[in-house]
Amino acid sequence: WGPSMPDEGKTLVATLDTHERGIDLKSLPKTLRDAIEVTRSLSFPFIWIDALCIIQDSTPDWEY
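Just so you know, the numbering used here puts 291 at position 44 of the sequence shown, and the rest follows in order with no gaps.
Below, the structure is given as structure tokens:
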């Protein structure tokens, strides 16, 4: 995604607690919303999105 990804579309140390409780899909970029919609339409229970599943500003999370 690079530096153009808005903060709403990624998990940061500052947003981790909020994201663990839930993410408002309306706040995500359209590309991510579309990916989630397709995943649901295929009846897959999960989708891995690096920008959301890896804490973007945490070196230990990237190393794990």
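C-beta atoms are modelled at their ideal positions from N, C-alpha and C, and glycine is treated no differently.
(1) Which first and last residues belong to the alpha helix (DSSP H) in which residue 298 is found?
(2) By the 10 Å Cβ neighbour count, where 16 or more other Cβ atoms means buried, how is residue 275 classified, buried or exposed?
(3) Mapping the DSSP letters down to three states, classify residue 270 as helix, strand or coil.
(4) With distance defined between alpha-carbon atoms, name the residue in 278, 294 and 301 nearest to residue 259.
(5) Can you give me the Cβ contacts of residue 280 inside the same chain, cut-off strictly under 6 Å, excluding the 5 residues immediately before and after it?
For this structure:
(1) For residue 298, the uninterrupted alpha helix (DSSP H) run begins and ends at 297-300, by DSSP.
(2) For residue 275, the number of other beta carbons within 10 angstroms of its own is at least 16, and it is reported as buried.
(3) Residue 270 carries a coil assignment under DSSP once its states are collapsed to helix, strand and coil.
(4) Selected option, being the one with the closest Cα: 301.
(5) Excluding residues within five positions, the ones whose Cβ falls inside 6 Å are 272.
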